[in-house]
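The structure appears right after this line, and notes come after that.
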Amino acid sequence: MSVSSQKHLSNNESNKRNDKTLKPLFPKQAECSYVSCYCEENVWKLCQDVSIRIPGELDRCYVVFISNPCRTVPLWKQRAGREEDRLVIWDYHVIFLYSWDSKTCLVYDLDSELPFPTFFHKYVTETFRTDQVLKSDFHRFFRVVPAKQFLQHFASDRRHMKRPDGSWIKPPPPYPAICTSGM
């Protein structure tokens with residue numbers, strides 16, 4: 035799925051910015067569970083929070099995995115970026131989407147320097163830019179999963195964050211590794 039194929043979600047977002055009925059799902063970014071380099075667990079915690087506080091909205095929430103076969107995913111406006119454009123090449127990234135209606139979608143990316151949340155079109159434009167100027171090794175692939183399904187089936191033993199000697203590449207979250215009831 036290309037980023038351009040998702041544009042239909044955001045055609046009228048600028049018209050919705052002043053819509054008083056559109057309320058962010060999370061009060062403040064700083065109040066969300068966050069551990070650097072564990073984006074999939076951060077997003078799982080966002081999904082869990084929605085399922086507990088406002089379960090009726092969970093059906094409007096999605097998890098997006100961004101990667102490619104080379105595991106070289108360029109994203110701009112990331113807090114981990116060092117240059118002015120805040121470019122980072124991740125092996126993968128995971129974000130949270132809240133699709134308010136067929137025309138309005140908010141992106142929650144705890145690693146982004148963009149507002150929390152950001153309207154879909156703004157996020158895509160500033161974070162992904164365009165594949166046309168990138169070598170094919172850097173083209174992004176997207177997998178969209180309903181948040182409810184993600185909560186039910188996601189599990190991680192965090193081994194991808196360990197070096198061959200067993201030491202951590204980045205310190206793990208302070209809570210136990212996420213596993214489903216069947217694990």
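When the sequence shown is numbered by our numbering, its final residue is 217 and no position is left out of the sequence of numbers. Just so you know, even glycine gets a beta-carbon here, dropped at the ideal spot from N, CA and C.
| Check | Outcome |
| --- | --- |
| Can you name, in chain order, every residue of its own chain whose Cβ lies under 7 Å from the Cβ of HIS173, other than the five neighbours on each side? | ASN102, ASP165 |
| Quick one: is LYS79 buried, meaning 16 or more other Cβ sit within 10 Å of its Cβ, or exposed? | buried |
| Give every residue of the same chain whose Cβ lies closer than 7 Å to the Cβ of HIS187, excluding the five residues on either side of it in the sequence, and list them in chain order. | THR214 |
| How is the beta strand (DSSP E) around HIS127 delimited, first residue to last? | 127 to 133 |
| Can you tell me which of ARG94, LYS182, ASP191, PHE154 puts its alpha carbon nearest to the alpha carbon of PRO207? | ASP191 |
| For ALA181, count neighbouring C-beta atoms within 10 Å of its own C-beta (all shown protein chains included) and say buried if the count is 16 or more, exposed if not. | buried |
| Would you check if the region 80 to 99 and the region 107 to 118 touch, i.e. whether three or more CB-CB distances between them fall below 8 Å? | no |
| Do TYR68 and LEU144 come within 7 Å of each other at the CB atom, strictly closer than that value? | yes |
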